[in-house]
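Novice: Structure provided below as structure tokens; questions to follow.
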């Protein structure tokens, strides 16, 4: 079962039964159809790879009494307030936070904590509808727009942002790797790129992984999951949770890891989930192919795309993909994955790698032509 | 503070300070402004007369530590699941019901209880977005449209619908009267009218009022409230709750009661709320002016309104109001109060009164001209 946005992907060649649905995120006919198909096919597993399907898949599993992540676990990884309630109780450092169910909750949080603060949908994904509130003006914008849906507000944590990706079997990592974002996700609308790169092995990487392990031990998991954990490192070198999801990282995380280690993290996660005798350690090497591998997303903006470079002037490119629309009409990015192009590349050391990224960014900005409207 | 839909009402002549807001139901700037105005005016009371403001007013009261209905009480009267949880525990007959947070909750309820069922927003008002689900087709329509917002589903109760209106001081009625709807609210979209009339004093009226008293005793109330309670009377003469609200009845309920008793229920409710020494019994007579008083709403439909009668051929009319739009372009009614005209009228007995209503309905339908589009 797929969103109709994927109707052009010829998926029926790859699956026994394919059906497309409009309005995927809010269409309850998907659940109804899943129950009907279960009558016929008797599903053994229900797999969700997208953040917004995590809870729905868990609800279906419980309804049909099927193994895999249950609703309690799904909610702990999806609901940013439940998540932090659990971690706070486990003594893990999280930002000051509060559930926002009405405007007074938000105004009260500002009164107690001042600016800046971050306001997020309580179960959003991809930094969609995430507001950085820095002053009374942006507070009023948020109050006007967020209505009475459930949000979470938290203090703004200064520092670099890292992401830890891997597979967790409920007790330990089956695989884990730490990476660093090249800019802050919260400000992604202000820059033309986002991206990250895998950290060299060493102290910092180990610290981040140790913190992530504490988080995963504290949260309820009744099955093997892929995970994507985002952490702040403050100027005082304190690690603070941003958030954690029970699915494989999006954007080009999978391709980045594949380039570095030679295996597909999404595929290995699925195998670990559907076969309890699957021994991932025997199928992958933890040996790295490069010193550094990273990716860049080149973000869309509002307007008509006139021209975009077909090649980039760098010898370190592993993959360069264009994400072009037929009508070439784009909007400013709503989610971090709304990109017009992506690059996966390697480097020999961090300094040289970051220089390379800057050059690619400048080249791309200069060579990409937009027309207003 | 008012919705900008009322900007034409010259309210600034009637109040010391008037401000209008767009997007009233979802605009958090209203709360922020209320806090700022409190700094200046030091509010003694916060009054909400509209169903959708009940919780917001209670939240503001608690935030500002002001007397009046608190959040616990507001939620019990607003959230149809919390309401029924409390009443069920108190041993009061309510329909079978279930909270719907995702499509499986709804499908599961159908599997257990079959059709027909009623699906309502968990805190809706005016029968907005209320679905009567009679078969798999209408189930699929609902699943497609209701998404993952919170709903309540309940069994469909066969029978006549009554409404009990009055003022409750937390322990007893300050005023109470029972009325009967002339048709079922749930089907209001299928008929061209809705309406109700005050029941004659007697057995049925007393039974309905006694049931309502049990409901009001069971629900938390920390202050004097106006209330509007809707009850089913089944063919087996069993009384079952439809729902209850902690505000004065809408449509023409206030005008109907005023015609019958000579006082304004909204005004007396306010006085009871803001003055604990106010003795309503001394300011009203419970003596009735007529045998029967009732009201009719003549509902809008989709199209351009060409002509509508300016007078009705009946000698029993107390009030006939047109609710005309400047552009005369109407939609089919979304809420029960989306009417193009209203009538308040009296009668000498029920039979004659219902005949009169039927004649008015026919006359109105014949004399009102619509053009498509």
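Residue numbers (my numbering), protein chains in the order written: chain L, 1 to 373; chain W, 1 to 373. Using N, Cα and C, we set each Cβ at its ideal position, and we do this for glycine too.
1. Output the distance between the C-alpha atoms of residue 216 of chain L and residue 305 of chain L, rounded to the nearest integer angstrom.
2. Just tell me which of W:246, W:115, W:240, W:302 has its CA closest to the CA of residue 222 of chain W.
3. Between L:117, L:159, L:164, L:23, which lies nearest to residue 139 of chain L when the distance is taken from Cα to Cα?
4. For residue 226 of chain L, list the residues DSSP reports as bridge partners.
5. Ends of the beta strand (DSSP E) at residue 123 of chain L?
6. List the residues that DSSP assigns as beta-bridge partners of residue 272 of chain L.
7. Taking all protein chains shown into account, do 16 or more other C-beta atoms lie within 10 angstroms of the C-beta of residue 273 of chain L, making it buried, or fewer, making it exposed?
8. Just mark residue 45 of chain W as buried or exposed, buried being the case when its beta carbon has 16 or more other beta carbons within 10 Å.
9. Write down every uninterrupted run of the beta strand (DSSP E) in the region 54-135 of chain W whose length is 3 residues or greater and which is fully enclosed by it, in chain order.
10. Taking just the CA atoms, how far does residue 193 of chain W sit from residue 319 of chain W?
11. In angstroms with no decimal places, state the Cα-to-Cα distance between residue 155 of chain W and residue 96 of chain W.
12. Using a Cβ-Cβ distance cut-off of 8 angstroms, determine whether residue 146 of chain L contacts chain W.
13. For residue 293 of chain L, list the residues DSSP reports as bridge partners.
14. Identify, in the order they occur along the chain, each residue of the same chain with its Cβ nearer than 8 angstroms to the Cβ of residue 266 of chain W, setting aside the five sequence neighbours on each side.
15. Between W:16, W:14, W:30, which lies nearest to residue 4 of chain W when the distance is taken from Cα to Cα?
16. Keeping to the same chain, check which residues put their C-beta closer than 6 angstroms to that of residue 332 of chain L; ignore five residues upstream and five downstream.
17. Could you pull out every residue in the same chain whose Cβ sits closer than 8 angstroms to the Cβ of residue 25 of chain L, ignoring the five residues on either side in sequence?
18. Would you list the one or two residues that DSSP bridges to residue 370 of chain L?
19. For residue 121 of chain W, decide whether its Cβ has a neighbour in chain L, counting only Cβ atoms nearer than 8 angstroms.
20. Residue 236 of chain L to residue 196 of chain L, Cα distance in whole Å?
21. Can you find a CB in chain L that lies within less than 8 angstroms of the CB of residue 40 of chain W?
22. For the beta strand (DSSP E) containing residue 211 of chain L, name the first residue and the last one.
23. Do you know offhand how far residue 214 of chain L's Cα is from residue 168 of chain L's?
24. In terms of residues, what are the limits of the alpha helix (DSSP H) holding residue 248 of chain L?
25. Taking only beta carbons into account, state which residues of the region 61-76 of chain W come closer than 7 angstroms to chain L, listed in chain order.
26. List, in order along the chain, the chain L residues whose C-beta lies closer than 7 angstroms to that of residue 132 of chain W?
27. If residue 101 of chain W sits next to residue 150 of chain W, beta carbons under 8 angstroms apart, how far is it from one beta carbon to the other, in whole angstroms?
28. Is the Cβ of residue 286 of chain L closer than 8 angstroms to any Cβ of chain W?
29. Name the chain W residues whose beta carbon is nearer than 8 angstroms to that of residue 207 of chain L?
30. Pull the bridge partners of residue 363 of chain W from the DSSP assignment, please.
31. Determine which residues share a DSSP beta bridge with residue 45 of chain W and list them.
32. Between the Cα of residue 360 of chain L and the Cα atoms of L:352, L:73, L:312, L:368, which residue gives the shortest distance?
33. Within the continuous beta strand (DSSP E) that includes residue 180 of chain L, where are the two ends?
34. Report, in whole angstroms, the separation of the C-beta atoms of residue 233 of chain W and residue 159 of chain W, which I expect to be a contact under 8 angstroms.
35. Would you identify the three-state DSSP class for residue 266 of chain W, choosing helix, strand or coil?
36. For chain L, find out if any of its Cβ atoms is closer than 8 angstroms to the Cβ of residue 262 of chain W; answer yes or no.
Specialist: Once the coordinates are examined:
1. 43 angstroms
2. W:246
3. L:117
4. L:167
5. No beta strand (DSSP E) holds residue 123 of chain L; DSSP gives it neither H nor E.
6. In DSSP, residue 272 of chain L forms no bridge with anything.
7. buried
8. exposed
9. 97-100, 117-121, 131-133
10. 16 angstroms
11. 6 angstroms
12. yes
13. L:346
14. 49, 226, 248, 254
15. W:30
16. 301, 302
17. 52
18. L:305
19. no
20. 22 angstroms
21. no
22. Note, residue 211 of chain L: premise wrong, no beta strand (DSSP E); alpha helix (DSSP H) at 203-218.
23. 12 angstroms
24. Counting along the chain, residue 248 of chain L falls outside any alpha helix (DSSP H), and DSSP gives it neither H nor E.
25. 63
26. Within chain L, no residue comes near residue 132 of chain W; the closest Cβ sits about 17 angstroms away, beyond 7 angstroms.
27. 6 angstroms
28. no
29. The premise fails here: residue 207 of chain L is roughly 38 angstroms from chain W at the closest Cβ pair, so nothing lies under 8 angstroms.
30. None; residue 363 of chain W has no bridge partner.
31. According to DSSP, which records beta bridges pairwise, residue 45 of chain W is partnered with nothing at all.
32. L:312
33. 173-181
34. 5 angstroms
35. helix
36. no
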